[in-house]
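A quick write-up on the structure given underneath.
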Amino acid sequence: VSRGSLKWLIPAAVLPVLALLAYGFWTDPRGEVRSPQIGRPAANFTLTTFAGTPVSMETLRGRVVVVNFWASWCVPACYEEAPVLEQAWRDYKDRGVTLVGINIQDKDEAARKFMDQFKFTFPNAMDTGGKVAVDYGVYGVPETFFIDRKGRIRERKVGAVTDETFRGHVERLLAEPS
Amino acid sequence: VESLPDERGMTIGAPEIGYAITVVALALAAWGAVAAVTSARGGAATLLATAERAAVGVWALITAAMLVLVHAFLTFDFSIRYVAANTNRGTPFYYRITALWGALEGSIILWAWMLGLYTFIVVWRYRRRQPELYPWVLAVMLTTLAFFLLVMAVPAPPFERLSPVPPDGRGLNPLLEDSGMITHPVALYLGFTGFTVPFAFAVAALALGRTGEEWITITRRWTIIAWYFLSLGLLIGGWWSYHVLGWGGYWAWDPVENAAFMPWLTGTAFLHSVMIQERRRMLKLWNLTLIILTFGLTLFGTFLTRSGIIGSVHAFTQGSIGVFFLSFLAVVLLGSFSLLAWRVERLRGQGDLDSIVSRESVFLLNNVFLVAASFTVFFGTIFPLLTEAARGTKVSVGAPFFNLVNIPLFLSLLFLMGVGPLIAWRRASLESLKRNFLKPVLAGLVAAAVLYAAGIANVLVLTCMALVVFVTGTMVLDFWRAARARRRTGDGWMAATGGLLLRQNRRYGGFVVHLGVLVVALGVAGSQAWSHQTEATLGKGESVELAGYRVRFDGLAATEESNHFKVTGTFSVAHGARPVDVLQPAKKFYPQEQSPIAYVDYRLGFIEDVYLVLGDFARDGSQATIKVQVNRMVSWLWLGGVVLTLGAVLAVLPDRRRPA
């Protein structure tokens with residue numbers, strides 16, 4: 001090999017490092033840590049909704065349940081997913097799906113204002129004391145859990161839910177034999 | 179700016195104005211870069227004037243964009259997503275300004291603005307003075323600016339509209355509500371972007387084949403300035419970590435810290451190795467390689483911090499901009515190293531190493547150690563990626579690895595710091611070695627013996643302190659001799675030392691910077707060797723003792739602050755029988771955070787700090803857990819920063835020596 005071509009090894013030496021960084025970028029930075037909750041029975045809770053009616057996980061067995069944790073100060077993600085959730089609720093409530101919103105670490109007034117803004121019609125309750133959030137291993141808002149008819153957590157979505165994810169998960173769970 | 183829908187129902191408000199400014203600036207920067215390259219390759223001179231105007235225009239536009247964003251922050255314009263995500267109505271006034279760089283998008287604006295400022299100074303200073311190199315320099319700087327503006331326009335737009343507009347924002351990350359966050363990013367980014375100037379001159383020199391000392395002489399001050407700001411940024415980062423994070427340390431080998439430390443190491447190597455080229459015309463290829471690496475590492479640092487490829491305890495941002503940074507990094511590295519390869523025949527050194535015992539070889543060794551340290555840090559930082567690629571699991575290496583490899587390197591560098599400035603060029607005689615080093619070596623040995631007798635058993639700490647004494651000895655000896663020589667010419671002591679500092683400001687500026695580094699080194703060694711800590715759960719009126727201090731728990735109080743709820747503990751601190759201070763560490767509960775934020779309280783001292791962190795407490799205020807630390811010599815780190823500043827100022831003063 002001549003000296004003339006050897007010199008091009010200088011820039012070529014950079015390539016492996018770039019390749020490694022590219023690899024690092026294209027793999028999931030979170031390392032696909034699957035939630036230990038997945039496949040486990042969803043923790044039970046009994047809360048009182050803002051409207052004053054009780055809502056309990058146990059009574060919902062046999063339905064596909066979507067539990068969404070949110071807060072009024074969660075900008076912008078909760079604001080982005082709110083219209084999506086309300087629309088999905090309207091589309092699915094008569095097809096055996098229940099959506100439960102759980103408001104955490106919030107003030108009553110601010111939470112009500114949020115629900116008014118997005119004209120929420122699905123049951124929402126405040127998790128006073130944060131026990132439900134702890135049971136579900138929530139580490140930020142928004143977080144959404146998709147629970148099958150047998151009451152097991154099947155999917156967990158961290159961050160704003162899109163229409164596509166919501167429908168995808170719910171349709172799959174509805175298709176399963178009950 | 180009020181958002182009003184126009185007749186077609188489109189909304190024109192601050193987000194749209196800011197975005198429009200960004201896009202125009204991007205187009206202008208790209209056009210300016212093209213014009214500069216065309217004129218550099220022999221195109222019309224009017225094109226160069228166009229490129230210059232573009233450069234000035236870009237800076238003005240980025241300034242305007244920044245002002246739009248600041249205005250949005252001050253007026254709580256939550257129609258901008260970035261504002262809503264980083265402030266709320268409770269955010270105090272001046273954190274609403276610093277919230278500008280509280281997260282990714284705004285940091286990029288600040289970054290681009292500083293680069294624009296540097297570009298403006300380059301235009302102003304070099305358009306007449308360096309007619310050949312200048313067009314290429316301008317082209318490189320405008321290209322880099324265009325890249326950052328592209329990031330602002332596509333993957334990380336600071337002006338994205340949020341719809342519907344929320345009544346209140348999320349609020350700034352509480353950890354960033356601190357005065358250190360006002361200065362830390364500013365200093366760090368001035369350092370990062372500052373290295374663009376020497377890099378641009380290096381590329382210009384390669385493009386023209388003018389690979390002599392010219393580009394190095396021109397960029398000497400720029401390098402010092404960039405290096406200084408980077409050093410300051412690192413130290414302020416340490417200060418923030420120390421007094422905000424509440425673990426009592428200032429450095430954790432966190433990827434984000436490493437990201438700033440790597441270019442500092444190669445930049446330091448560059449700062450030294452250029453002196454050999456200036457003096458002996460050696461190391462041309464090496465110097466170009468170092469500045470390319472340093473610039474590449476500043477980009478890599480941003481990539482690392484902002485892409486989230488490696489998890490970090492304080493990765494404040496995650497984004498999809500990684501692919502942009504990686505592409506630009508690839509262009510920069512492949513492009514400039516290809517230029518280097520193309521010019522490699524011209525880069526042969528003209529001098530040879532005459533002897534191992536010479537200043538050249540000491541500088542070379544210094545470079546080898548610094549680059550080795552940088553490589554170690556790089557390796558350790560990307561290690562999780564390597565293992566993931568090879569074995570499928572992410573394994574991190576922690577502080578033990580970094581310390582194990584780097585501490586010997588840093589101690590060796592301290593030793594070289596004593597030898598380098600005094601040893602003769604080319605070949606040092608035994609006589610001159612004795613003259614310069616015998617006394618300092620003895621002083622170091624005596625210091626080691628005294629400290630050992632005083633009970634310091636840790637070999638590393640002992641070595642570090644002895645080396646500091648040795649290096650200080652060499653500097654004092656050298657300075658004293660020079661001052662004495664000047665005094666012989668009739669000056670008084672004051673005039674002799676003052677004249678020496680100002681007339682040989684390059685040399686003695688370097689000495690003072692070294693002194694600053696020594697003070698920092700003492701701080702590190704002292705805090706490792708002599709700090710104490712304990713933790714205790716105290717009932718009201720009970721106290722805990724540590725290192726001669728008695729800390730008594732006096733009670734708890736809860737207050738509602740503008741944007742959080744705060745529980746404050748009151749602790750009286752006494753030293754022996756003498757009351758020293760009343761400290762009030764607290765826990766702050768922000769609605770947007772899952773866990774409370776510790777608010778550390780401390781009493782700083784020249785020799786030792788008393789440092790309190792509030793742990794759990796009983797709701798009725800009857801009990802509290804308190805972590806007490808007595809941290810020794812940590813203040814020396816901040817003091818070292820002050821000395822470093824003085825040295826850097828001295829070193830960049832205009833050269834007053836008349837050419838011989």
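Chains A and B, in that order, are what the protein sequence lines are. Read in the numbering used here, the first sequence has 130 at position 130, and its numbers run on one by one without any break. Read in the numbering used here, the second sequence has 370 at position 192, and its numbers run on one by one without any break. Where is the CB? At the ideal position from N, CA and C, for every residue including glycine. Model, not experiment: these values are computed from the prediction.
List the residues of chain B whose Cβ lies closer than 7 Å to the Cβ of residue i, in chain order.
{"i": "isoleucine 10 (chain A)", "result": "Phe515, Leu518 and Ala519"}
{"i": "valine 14 (chain A)", "result": "Leu511, Leu512 and Phe515"}
{"i": "glutamine 105 (chain A)", "result": "Pro769"}
Give the residues of chain A in contact with residue i, contact being defined as C-beta atoms less than 7 Å apart.
{"i": "aspartate 346 (chain B)", "result": "Trp73"}
{"i": "alanine 242 (chain B)", "result": "What alanine 242 (chain B) touches in chain A: nothing, since even the nearest Cβ is about 25 Å away."}
{"i": "alanine 508 (chain B)", "result": "Leu18"}
Relative to the alpha-carbon of residue i, which residue among the options has its alpha-carbon at the smallest distance?
{"i": "leucine 475 (chain B)", "options": "B:Leu225, B:Thr374, B:Lys766 and B:Glu786", "result": "B:Thr374"}
{"i": "phenylalanine 478 (chain B)", "options": "B:Val452, B:Ala674, B:Ser610 and B:Ser505", "result": "B:Ser505"}
{"i": "valine 234 (chain B)", "options": "B:Pro832, B:Phe298, B:Ile258 and B:Tyr197", "result": "B:Phe298"}
{"i": "proline 433 (chain B)", "options": "B:Asp530, B:Gly558 and B:Trp418", "result": "B:Gly558"}
{"i": "threonine 401 (chain B)", "options": "B:Gly670, B:Leu525 and B:Leu449", "result": "B:Leu449"}
{"i": "leucine 511 (chain B)", "options": "A:Gly4, A:Lys7, A:Glu86 and A:Pro11", "result": "A:Pro11"}
{"i": "glycine 191 (chain B)", "options": "B:Leu226, B:Val246 and B:Ala238", "result": "B:Val246"}
{"i": "leucine 802 (chain B)", "options": "B:Glu739, B:Ala229 and B:Pro763", "result": "This sequence places alanine at residue 802 (chain B); leucine is not what is there. Of B:Glu739, B:Ala229 and B:Pro763, the residue nearest in Cα terms is B:Pro763."}
{"i": "valine 624 (chain B)", "options": "B:Met643, B:Lys462 and B:Leu608", "result": "B:Met643"}
{"i": "valine 751 (chain B)", "options": "B:Glu355, B:Val745, B:Trp418 and B:Val760", "result": "B:Val760"}
{"i": "valine 97 (chain A)", "options": "A:Asp106, A:Glu80 and A:Arg167", "result": "A:Arg167"}
{"i": "tyrosine 686 (chain B)", "options": "B:Arg665, B:Trp671 and B:Val654", "result": "B:Val654"}
{"i": "proline 562 (chain B)", "options": "A:Thr144, A:Leu21, A:Phe45 and A:Gly129", "result": "A:Leu21"}
{"i": "arginine 700 (chain B)", "options": "B:Leu638, B:Met672 and B:Tyr272", "result": "Reading off the sequence shown, one finds leucine at residue 700 (chain B), where the question assumed arginine. Among B:Leu638, B:Met672 and B:Tyr272, the Cα nearest to that of leucine 700 (chain B) is on B:Leu638."}
Mind pulling the chain B residues with CB within less than 8 Å of residue i?
{"i": "tyrosine 79 (chain A)", "result": "Leu340, Pro342 and Pro344"}
What in chain A is Cβ-close to residue i, meaning under 8 Å?
{"i": "valine 522 (chain B)", "result": "Lys7 and Ile10"}
{"i": "leucine 504 (chain B)", "result": "Leu18, Leu21, Ala22 and Phe25"}
{"i": "leucine 563 (chain B)", "result": "Leu20, Leu21, Tyr23 and Gly24"}
{"i": "alanine 262 (chain B)", "result": "Val75 and Pro76"}
Would residue i pass as a contact of residue j if the rule is Cβ separation under 9 Å?
{"i": "alanine 125 (chain A)", "j": "leucine 47 (chain A)", "result": "yes"}
{"i": "leucine 862 (chain B)", "j": "valine 691 (chain B)", "result": "Nothing about residue 862 (chain B) can be reported from this structure: the residues present for chain B run from 179 to 838 only."}
{"i": "phenylalanine 407 (chain B)", "j": "glycine 347 (chain B)", "result": "no"}
{"i": "aspartate 732 (chain B)", "j": "threonine 715 (chain B)", "result": "no"}
{"i": "threonine 641 (chain B)", "j": "alanine 661 (chain B)", "result": "no"}
{"i": "isoleucine 240 (chain B)", "j": "alanine 290 (chain B)", "result": "yes"}
{"i": "leucine 288 (chain B)", "j": "tryptophan 279 (chain B)", "result": "yes"}
{"i": "serine 590 (chain B)", "j": "phenylalanine 547 (chain B)", "result": "yes"}
{"i": "valine 535 (chain B)", "j": "arginine 605 (chain B)", "result": "yes"}
{"i": "phenylalanine 337 (chain B)", "j": "isoleucine 195 (chain B)", "result": "yes"}
{"i": "valine 778 (chain B)", "j": "serine 709 (chain B)", "result": "no"}
{"i": "alanine 205 (chain B)", "j": "alanine 229 (chain B)", "result": "no"}
{"i": "tyrosine 768 (chain B)", "j": "proline 352 (chain B)", "result": "yes"}
{"i": "phenylalanine 370 (chain B)", "j": "alanine 404 (chain B)", "result": "yes"}
{"i": "valine 646 (chain B)", "j": "alanine 703 (chain B)", "result": "yes"}
{"i": "proline 335 (chain B)", "j": "tyrosine 197 (chain B)", "result": "yes"}
{"i": "threonine 480 (chain B)", "j": "alanine 437 (chain B)", "result": "yes"}
{"i": "alanine 43 (chain A)", "j": "valine 132 (chain A)", "result": "yes"}
Residue i versus chain B: which residues are under 9 Å apart at the beta carbon?
{"i": "lysine 119 (chain A)", "result": "Residues of chain B passing the Cβ test: none, with the nearest at roughly 12 Å."}
{"i": "lysine 113 (chain A)", "result": "Pro345"}
Show which residues of chain A have a CB atom less than 9 Å away from the CB atom of residue i.
{"i": "asparagine 840 (chain B)", "result": "Nothing in the structure corresponds to residue 840 (chain B), since chain B is present only between 179 and 838."}
{"i": "arginine 259 (chain B)", "result": "Val75 and Pro76"}
Inset, instruction - Check whether the segment 143 to 150 of chain A touches the segment 52 to 72 of chain A, counting contact only when three or more Cβ pairs, one atom from each stretch, lie closer than 8 Å. - result: yes
Inset, instruction - Could you tell me whether the segment 443 to 451 of chain B touches the segment 550 to 563 of chain B, where touching means 3 or more Cβ pairs closer than 8 Å? - result: yes
Inset, instruction - For the segment 442 to 489 of chain B, list the alpha helix (DSSP H) runs that are entirely contained and at least 4 residues long, ordered along the chain. - result: 462 to 485
Legend entry - Segments assigned alpha helix (DSSP H), at least 4 residues, entirely inside the segment 572 to 606 of chain B: If we require 4 residues or more, the alpha helix (DSSP H) runs fully inside the segment 572 to 606 of chain B come out as 577 to 597.
Legend entry - the segment 301 to 319 of chain B in contact with the segment 381 to 389 of chain B per 3-pair CB rule at 8 Å: yes
Legend entry - the segment 455 to 466 of chain B touching the segment 414 to 428 of chain B, judged by at least three CB pairs closer than 8 Å: Short answer: they don't touch.
Inset, instruction - Decide yes or no for the touch test of the segment 515 to 524 of chain B against the segment 573 to 591 of chain B: beta carbon pairs closer than 8 Å, at least 3 of them. - result: no
Legend entry - At least 3 beta-carbon pairs within less than 8 Å: the segment 717 to 735 of chain B vs the segment 315 to 332 of chain B: no
Legend entry - Validate contact between the segment 260 to 272 of chain B and the segment 218 to 229 of chain B using beta carbons, cut 8 Å, 3 pairs: The segment 260 to 272 of chain B is not in contact with the segment 218 to 229 of chain B.
Legend entry - Three or more C-beta pairs below 8 Å linking the segment 782 to 793 of chain B and the segment 354 to 371 of chain B: no
Inset, instruction - Return the chain-ordered ranges of every alpha helix (DSSP H) run that is complete within the segment 259 to 298 of chain B and spans a minimum of 4 residues. - result: 259 to 264 and 271 to 276
Legend entry - the segment 667 to 679 of chain B in contact with the segment 629 to 640 of chain B per 3-pair CB rule at 8 Å: no
Legend entry - Continuous beta strand (DSSP E) assignments of at least 3 residues falling wholly in the segment 704 to 760 of chain B: List check, beta strand (DSSP E) in window: 710 to 717, 721 to 724, 727 to 738 and 743 to 753.
Legend entry - Minimum length 4: unbroken alpha helix (DSSP H) runs contained in the segment 28 to 99 of chain A: Whole alpha helix (DSSP H) segments, 4+ residues: 77 to 92.
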